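K.L.:
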Amino acid sequence: MTAPKRAAVVGIGQTEFSKYSGRSELQLACEAAKSAIDDAGLTAADIDGTVTFTLDTNDELALIRSLGIDELSWTSRTPFGGAGASATLQHAAAAVKSGAAEAVLIYRAFNERSGYRFGQPMQRPPSARTNLHEPYGLLTPPQVYALWYQRYMHAYGVTNADFGLYSVVARRNAARNPNAWFFNRPITIDDHQQSRWIVEPVLRLLDCCQESDGGVALVVTSEERARDLRHPVVAIEGAAQSSVLDGIMSFNYYGEDLTHFVEAEHTAQQLWRTTGLAAADMDVAMIYENSSPIVFYQLEAYGFCGPGESRDFIADGHIDLDGTIPVNPHGGLLGEAYIHGMNNILEGVRQLRGTSCNQVQGAQNVLVAAGRSAAILGRDVS
13 MTAPKRAAVV GIGQTEFSKY SGRSELQLAC EAAKSAIDDA GLTAADIDGT VTFTLDTNDE
73 LALIRSLGID ELSWTSRTPF GGAGASATLQ HAAAAVKSGA AEAVLIYRAF NERSGYRFGQ
133 PMQRPPSART NLHEPYGLLT PPQVYALWYQ RYMHAYGVTN ADFGLYSVVA RRNAARNPNA
193 WFFNRPITID DHQQSRWIVE PVLRLLDCCQ ESDGGVALVV TSEERARDLR HPVVAIEGAA
253 QSSVLDGIMS FNYYGEDLTH FVEAEHTAQQ LWRTTGLAAA DMDVAMIYEN SSPIVFYQLE
313 AYGFCGPGES RDFIADGHID LDGTIPVNPH GGLLGEAYIH GMNNILEGVR QLRGTSCNQV
373 QGAQNVLVAA GRSAAILGRD VS
């Protein structure tokens, strides 16, 4: 019996990451997309599928008109925001493996700092979901997430200074990354503790991700086709997502035990079961972090350490570049940029190509985790 073919990432592209791009979101998407197509050694005529987020403002028809793509046979969008980042790989791989498309362009672009700001309350139509928390003053992601994080802090005796341990690592990595907004700007734990409160006593400014303008794109095709293209094959070994009863986007304060990230745990179980891999097989972890505490939850959910052990795990250097599982070598969403987690996938590809500015030597398996969605990227060694 012939094994099912794998999909592979063959092209990556991005714009610069800034606080004021000075151009439209469509132009950002097109610039990133063209860069990814060129990186793959393909042309716009080769693209026959697209994947993006439900939140992306860039209409597929406007994009293909601007790029000169002749026809699409597959389009899809992942739900919500960053929680669906890794699900874009799942959608693209599903299209390629099923034969629905041969070359899928994944894109995400926005002016999230100069156009509108996720960190500020936004006017929007009432919904059954947001009406459960917005009337009580939970209007922004830090406010909403802090309600969840505080239970973890109480249960395990974790302080805001402990969360700062991750922020310091992220900024140290970003300081060595020329693409990062915080290039050459590391911080200390004292800097973290002197930054202003956003939600006391849970989150300070230096716990929160950036607001960024920019675009990111990837091209996914079959492993067989990838072997004939210009870069080493970066295979999508597996991809999964999970939505559970009482869950809300990428946070959860209705569950029975708020010290766990149930969706991430279920996603991890799917990945390990379907790939035959485990946490111990991962060489690098790209972890979505719109704020520092979510890294604690995901380290535990994916089995890198036990419940309540993340603080000591980070403090002991395990997530450093020379640690047992380097996390976000590019600086992550706190240090590089916030492009809804998609720039984390680009860094995962660079690690497997061996082209990262903070290269983890010998990296063969990379976990790209976004809470309720995740994927494993692997370097082909055949």
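Residue numbers (this note's numbering): 13 to 394. We put the CB at the ideal spot given by N, CA and C, even for glycine. Here the structure is a predicted model, which is why all the values come from computation and not from measurement.
1. Please confirm whether V63 and T27 have their CB atoms less than 8 Å apart.
2. Check whether the region 217 to 227 and the region 374 to 381 touch, using three or more Cβ-Cβ pairs below 8 Å as the test.
3. If Y350 sits next to E37, beta carbons under 8 Å apart, how far is it from one beta carbon to the other, in whole angstroms?
4. Check whether the Cβ atoms of V245 and D392 sit closer than 8 Å, and answer yes or no.
5. For the ligand FAD, any of its heavy atoms closer than 7 Å to the Cβ of D202?
6. Going by beta carbon distance, what residues of the same chain come within less than 7 Å of L79, once the five residues before and after it are set aside?
7. In its own chain, which residues sit with a C-beta less than 6 Å from the C-beta of F273, not counting the 5 before and 5 after it?
8. If you drop the 5 nearest sequence neighbours on each side, which residues of the same chain put their C-beta closer than 7 Å to that of W284?
9. Report yes if the CB atom of E236 is closer than 8 Å to the CB atom of K17, and no otherwise.
10. Measure the Cβ-Cβ separation of A105 and A251 and say whether it is below 8 Å.
11. What do you reckon, are the CB atoms on Q205 and G176 nearer than 8 Å?
12. Skipping 5 residues on each side, what residues in its chain have a beta carbon closer than 6 Å to that of P319?
13. Shortest alpha-carbon distance to T271 belongs to which of G34, Y119 and Y157?
14. State the CB to CB distance for the pair T66 and T87, rounded to an integer number of angstroms; the pair is presumed to be in contact (CB under 8 Å).
15. Could you tell me which of I357, S385, R184 and E321 sits nearest to E275, measuring between CA atoms?
16. May I ask which residues mark the beginning and end of the alpha helix (DSSP H) holding S88?
17. Does the distance from the C-beta atom of A182 to that of L40 stay below 8 Å?
18. Mind reading off the beta-carbon distance from V339 to A280? Whole number of angstroms is fine, and I expect it under 8 Å.
P.N.:
From the atom records:
1. Position 51 of the sequence shown, counted from the start, is the residue given in the question as residue 63. Position 15 of the sequence shown, counted from the start, is the residue given in the question as residue 27. Not in contact: V63 and T27 (Cβ atoms no closer than 8 Å).
2. no
3. Sequence index remark: in the sequence shown, residue 350 carries index 338 (1-based). Sequence index remark: in the sequence shown, residue 37 carries index 25 (1-based). Actually they are not in contact, since the Cβ atoms of Y350 and E37 sit about 15 Å apart, beyond 8 Å.
4. Working through the sequence shown from its first residue, we reach residue 245 at position 233. Working through the sequence shown from its first residue, we reach residue 392 at position 380. Cβ distance < 8 Å, so V245 and D392 count as in contact.
5. Because no ligand of any kind appears in the structure shown, any question about the ligand FAD cannot be addressed here.
6. Along the sequence shown, read from residue 1 onward, the residue named residue 79 stands at position 67. Contacts found: C42, A45, K46 and A56.
7. Against the sequence shown, residue 273 aligns to sequence position 261. If the five residues before and after F273 are omitted, its C-beta is found closer than 6 Å to the C-beta atoms of Y309 and A313, all from its own chain and listed in chain order.
8. Translated into positions along the sequence shown, residue 284 becomes position 272. The residues are A290.
9. As a working mapping, residue 236 is identified with position 224 in the sequence shown. As a working mapping, residue 17 is identified with position 5 in the sequence shown. The criterion of a C-beta distance shorter than 8 Å is satisfied by E236 and K17.
10. Your numbering for residue 105 matches position 93 in the sequence shown. Your numbering for residue 251 matches position 239 in the sequence shown. In contact: A105 and A251 (Cβ atoms closer than 8 Å).
11. As a first step, residue 205 must be located in the sequence shown, where it is residue number 193. As a first step, residue 176 must be located in the sequence shown, where it is residue number 164. Yes.
12. For the purposes of this step, residue 319 is identified with residue 307 of the sequence shown, where counting begins at 1. The residues are E312.
13. Translated into positions along the sequence shown, residue 271 becomes position 259. It is Y157.
14. Within the sequence shown, numbered from 1, the residue matching residue 66 stands at position 54. Within the sequence shown, numbered from 1, the residue matching residue 87 stands at position 75. Separation of the CB atoms of T66 and T87 is rounded to 12 Å, and the pair is thereby denied contact status at 8 Å.
15. Within the sequence shown, numbered from 1, the residue matching residue 275 stands at position 263. The residue with the shortest Cα to Cα distance from E275 is S385.
16. Taking the first residue of the sequence shown as 1, we reach residue 88 at position 76. In the DSSP annotation of this structure, S88 is not part of any alpha helix (DSSP H); the continuous beta strand (DSSP E) holding it starts and ends at W86 to T90.
17. What you label residue 182 is simply residue 170 of the sequence shown in a count that begins at 1. What you label residue 40 is simply residue 28 of the sequence shown in a count that begins at 1. No.
18. Taking the first residue of the sequence shown as position 1, residue 339 is located at position 327. Taking the first residue of the sequence shown as position 1, residue 280 is located at position 268. Not confirmed; about 15 Å, so no contact.
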